[in-house]
Amino acid sequence: MKVTTLGIDIAKTVFHLIGLDARGHEVLNKKVSRSHLTKTIQNLPPCRIAMESCGSANYWGREFEKMGHAIVLIPPQYVKPFVRTNKNDANDARAICEAALRPSIPTVPVKTEDAQDIQSLHRSRQLLIGFRTATINHIRGILLEYGIVLGQSPKKVGGELERLVNDPECGLSPSLRETLRVIGAELAGLESKLEDFDTWIENLAKRHPVCKRLMTVPGVGVLTATVLVALVGDPFRFRNGRHFAAYLGLVPKQHSSGGKNVLLGISKRGDTYLRTLLIHGGRAMVRSVMKIAAAGKEPAGRNTWILSLYERRGYNRTAVAVANKNARVLWALLTKEDAVYSPAGPALRKTA
1 MKVTTLGIDI AKTVFHLIGL DARGHEVLNK KVSRSHLTKT IQNLPPCRIA MESCGSANYW
61 GREFEKMGHA IVLIPPQYVK PFVRTNKNDA NDARAICEAA LRPSIPTVPV KTEDAQDIQS
121 LHRSRQLLIG FRTATINHIR GILLEYGIVL GQSPKKVGGE LERLVNDPEC GLSPSLRETL
181 RVIGAELAGL ESKLEDFDTW IENLAKRHPV CKRLMTVPGV GVLTATVLVA LVGDPFRFRN
241 GRHFAAYLGL VPKQHSSGGK NVLLGISKRG DTYLRTLLIH GGRAMVRSVM KIAAAGKEPA
301 GRNTWILSLY ERRGYNRTAV AVANKNARVL WALLTKEDAV YSPAGPALRK TA
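Quick note on full-length UniProt numbering: the sequence shown kicks off at 1 and runs consecutively.
Here it is, written out as structure tokens:
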């Protein structure tokens with residue numbers, strides 16, 4: 001029987017394959033080692049291959065697409081309800097097949113190598129930021145035990161630490177000052193590496209034509225633009241800008257029953273990192289409008305709406321609302337290649 005839908009439970013060494021025919025009957029049940037997986041898939045006629053969107057799924061998806069197969073990546077949370085009886089590799093693969101047959105189950109696109117490169121760059125930067133934060137907290141914790149309170153920012157900690165380790169009269173023992181000198185050198189190295197990452201991301205954004213258009217939107221910088229391009233892939237998989245904002249978790253969570261609509265805080269679905277960047281951009285816009293109003297100037301265009309919302313709903317809600325609106329504008333820019341952002345009048349206009 002011909003396999004039309006193939007579910008693969010991905011692992012590091014052993015992969016389990018479950019194949020279904022056009023009627024949904026199981027016609028293939030096979031365990032394959034990593035070294036034989038490619039050859040096994042090559043011997044199959046073109047079919048629909050479904051996998052969970054987990055580690056290495058993008059790599060295998062690209063490899064199988066080269067062989068002429070259609071790839072479906074399903075978020076794991078939508079596969080789990082289809083696992084019956086005991087959990088094992090075979091049942092996981094069956095559950096993937098079942099989920100792939102449901103047209104209402106959301107799927108994610110296969111990332112290109114370029115998109116994964118950008119995502120890896122951002123995640124590595126976040127890793128270094130975590131290391132820097134841990135190092136700063138370690139330094140501040142040590143010195144607090146000696147009655148010395150340092151500032152919180154990396155710049156203040158680095159400057160005050162350098163002064164202490166080079167001052168024999170600071171009250172710290174030579175042994176401790178030498179220890180702090182080593183930790184301080186580690187902190188300086190992390191700062192240097194982070195500057196390199198920031199430069200790489202900035203250069204990438206300047207070279208990328210789509211990123212350059214996205215950065216014309218107030219509140220969108222190099223970080224937001226580059227990670228957005230890497231994450232979204234095909235923007236046409238979203239019905240409209242509101243759907244895209246909901247995908248990012250920037251819309252209210254609903255908990256309604258019996259005809260009574262109850263809206264809670266934002267759903268916080270989707271990519272946390274991108275949502276965080278958009279909200280930070282929204283905060284920057286709100287602060288900018290507040291400065292304009294404090295200077296006695298009259299806000300214009302979109303700033304009028306931001307100021308009005310801030311006066312009615314407060315700082316945080318306004319920042320999230322701006323992030324939501326920016327997300328919809330960014331989706332429009334991604335789907336309309338001839339459109340540019342216009343701060344005055346309509347949000348988008350076509351180029352001549």
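All C-beta atoms, glycine included, are put in the ideal place defined by N, C-alpha and C.
Since the model is a prediction, treat every value here as computed from it, not as a measurement.
Can you grab the Cα-Cα spacing for the pair residue i / residue j, in whole Å?
i              : j              : result
valine 29      : alanine 93     : Per the sequence shown, residue 29 should be read as asparagine rather than valine. The alpha-carbon atoms of asparagine 29 and alanine 93 are separated by roughly 9 Å.
isoleucine 8   : isoleucine 74  : 11 Å
histidine 122  : isoleucine 183 : 25 Å
alanine 332    : valine 340     : 9 Å
glycine 61     : valine 110     : 6 Å
isoleucine 201 : glutamine 119  : 11 Å
threonine 135  : glycine 189    : 11 Å
arginine 242   : lysine 156     : 42 Å
serine 192     : serine 124     : 14 Å
alanine 246    : glutamine 42   : 38 Å
histidine 208  : asparagine 91  : 43 Å
glycine 55     : isoleucine 266 : 28 Å
alanine 99     : alanine 185    : 52 Å
alanine 225    : arginine 177   : 43 Å
serine 175     : glutamine 126  : 32 Å
alanine 205    : glutamate 337  : 17 Å
residue 373    : leucine 37     : Look at the range of the chain in this structure, 1 to 352, and you will see that residue 373 is not part of it.
lysine 268     : methionine 215 : 24 Å
isoleucine 18  : lysine 39      : 16 Å
valine 83      : serine 257     : 28 Å
glutamate 311  : valine 262     : 24 Å
Flag residue i as yes when its Cβ comes closer than 7 Å to any non-hydrogen atom of the ligand SAM, and as no otherwise.
i          : result
lysine 111 : Because no ligand of any kind appears in the structure shown, any question about the ligand SAM cannot be addressed here.
Please determine, among the options, the residue with the shortest C-alpha to C-alpha distance to residue i.
i                 : options                           : result
threonine 107     : Ala70, Thr133 and Ala300          : Ala70
isoleucine 10     : Pro45, Val3, Leu44 and Ser53      : Ser53
valine 217        : Thr4, Ser342, Asn91 and Phe82     : Ser342
threonine 4       : Trp60, Leu190 and Gly68           : Gly68
histidine 16      : Asn88, Arg62 and Gly61            : Asn88
valine 27         : Lys2, Leu250 and Ile266           : Lys2
serine 153        : His36, His243, Arg140 and Leu164  : Arg140
leucine 161       : Ser192, Ser175 and Leu143         : Leu143
histidine 280     : Gly55, Glu311, His25 and Val222   : Val222
glycine 24        : Arg102, Arg34 and Ser35           : Arg102
phenylalanine 244 : Leu334, Lys80 and Asp117          : Leu334
tyrosine 78       : His208, Thr40, Ala95 and Asp198   : Ala95
lysine 12         : Glu195, Leu214, Ala22 and Val32   : Val32
serine 104        : Asn137, Ser192, Leu127 and Val72  : Val72
cysteine 211      : Ala185, Arg239 and Leu330         : Leu330
aspartate 196     : Ile129, Ser257 and Glu145         : Ile129
proline 252       : Lys260, Leu264 and Glu63          : Leu264
glycine 171       : Leu194, Gly147, Gly159 and Gly158 : Gly147
alanine 50        : Lys39, Asp338, Phe64 and Thr40    : Phe64
residue 353       : Ser256, Thr85 and Thr112          : Because the chain here runs from 1 to 352, residue 353 falls outside it and cannot be looked at.
threonine 133     : Gly158, Glu145 and Asp117         : Gly158
valine 229        : Gln254, Asp117, Arg34 and Leu250  : Asp117
lysine 66         : Asn203, Cys47 and Lys80           : Cys47
leucine 250       : Gly259, Lys291 and Arg317         : Arg317
tyrosine 273      : Ala22, Thr199 and Val227          : Val227
Determine whether the beta carbon atoms of residue i and residue j lie at a separation below 8 Å.
i            : j           : result
cysteine 97  : leucine 20  : yes
valine 286   : proline 299 : no
arginine 275 : leucine 248 : yes
alanine 293  : leucine 309 : no
leucine 180  : valine 165  : yes
Count the other CB atoms, across all protein chains shown, that sit within 10 Å of the CB of residue i; report buried if there are 16 or more and exposed otherwise.
i                 : result
asparagine 324    : buried
glycine 219       : buried
asparagine 303    : buried
glycine 345       : A caution first: glycine 345 carries a pLDDT of 49, below 50, which makes its placement in the model too unreliable to give a value.
leucine 187       : buried
alanine 319       : buried
tyrosine 315      : exposed
phenylalanine 236 : exposed
arginine 239      : exposed
alanine 295       : exposed
arginine 34       : exposed
Would you grab the beta carbon distance between residue i and residue j for me? Rounded to a whole angstrom, and I think it's under 8 Å.
i           : j             : result
leucine 231 : aspartate 271 : 6 Å
glycine 233 : alanine 57    : 14 Å between Cβ atoms; not a contact.
leucine 278 : alanine 327   : 6 Å
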